[in-house]
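A short write-up of the structure that comes next.
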Amino acid sequence: MAFGEPVNSASFVRICCGARCGQEPGHRALYQAGEQEAKHCGLEVRPAGCQAMCGLGVTVILPDGERYKAQETQEVRHQIREYTERKLRQSDNENEEVT
Numbered sequence: 002m003a004f005g006e007p008v009n010s011a012s013f014v015r016i017c018c019g020a021r022c023g024q025e026p027g028h029r030a031l032y033q034a035g036e037q038e039a040k041h042c043g044l045e046v047r048p049a050g051c052q053a054m055c056g057l058g059v060t061v062i063l064p065d066g067e068r069y070k071a072q073e074t075q076e077v078r079h080q081i082r083e084y085t086e087r088k089l090r091q092s093d094n095e096n097e098e099v100t
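Under the numbering used here, think of the first position of the sequence shown as 2, with each following residue one higher.
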């Protein structure tokens, strides 16, 4: 698997964008940063309902279920990229074990 190829066809990142989140300053920019990074990494972004505690930032839910709060666009990008890199390492390790 190469970077930017789909992790798998069902892989998606969920980012909260409830009614309250949409009113928080900068949350739209965080969602858009997540969309851009996910696309670059071969993932899809889907909106998640309210995850509460909007003042702490948006909630990023990775395909494996891990959740993170992010207040900066770089945090959103970092979490998505880190997930993708971790999956690539796992895939490479599995391929090495087979050969």
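Beta carbons: idealized from backbone N, C-alpha and C, even for Gly.
All figures in this text were calculated on a predicted structure; none of them were measured in a lab.
Query raised in the report: Secondary structure at E45, three-state DSSP: helix, strand or coil?
Result: Looking up residue 45 in the sequence shown gives position 44. Strand.
Requested in this report: Note down, in chain order, each residue of its chain lying with its Cβ closer than 8 Å to the Cβ of E38, except the 5 sequence neighbours on either side.
Outcome: Along the sequence shown, read from residue 1 onward, the residue named residue 38 stands at position 37. Around E38: V77, R78, I81, R82.
Report task. List the DSSP bridge partners of R15. Result -> Reading the sequence shown from its first residue, position 14 is the one you call residue 15. Looking at the DSSP assignment, R15 forms a beta bridge with R47, I62.
Report task. Report the rounded CA-to-CA distance for R47 versus Q72, giving the unit in angstroms. Result -> As a first step, residue 47 is located in the sequence shown; it is residue number 46 there, counting from the start. As a first step, residue 72 is located in the sequence shown; it is residue number 71 there, counting from the start. The alpha-carbon of R47 is positioned some 19 Å away from that of Q72.
Query raised in the report: With 16 as the cutoff for other CB atoms within 10 Å, does L57 come out buried or exposed?
Result: For the purposes of this step, residue 57 is taken as the residue at position 56 of the sequence shown. With fewer than 16 Cβ atoms within 10 Å of its Cβ, L57 is classed as exposed.
Query raised in the report: What residues in its chain sit with their C-beta under 6 Å from that of Y84, if we drop five residues either side in the sequence?
Result: Position 83 of the sequence shown, counted from the start, is the residue given in the question as residue 84. So the qualifying residues of the chain are L63.
**Report entry** Extent of the continuous beta strand (DSSP E) run through Q71
**Finding:** As a first step, residue 71 is located in the sequence shown; it is residue number 70 there, counting from the start. Before going on, a small fix: residue 71 reads as Ala here, not Gln. Counting along the chain, the unbroken beta strand (DSSP E) around A71 starts and ends at 68-71.
Query raised in the report: Going by C-alpha distance, which of N94, T74, V61, K88 is nearest V14?
Result: As a first step, residue 14 must be located in the sequence shown, where it is residue number 13. Ranking N94, T74, V61, K88 by CA distance to the CA of V14 puts V61 first.
Report task. Can you give me the Cβ contacts of C18 inside the same chain, cut-off strictly under 6 Å, excluding the 5 residues immediately before and after it? Result -> The sequence position of residue 18 within the sequence shown is 17, counting from 1. Within the same chain, and ignoring the five residues on either side of C18 in sequence, the residues whose Cβ sits closer than 6 Å to its Cβ are Y32, P48.
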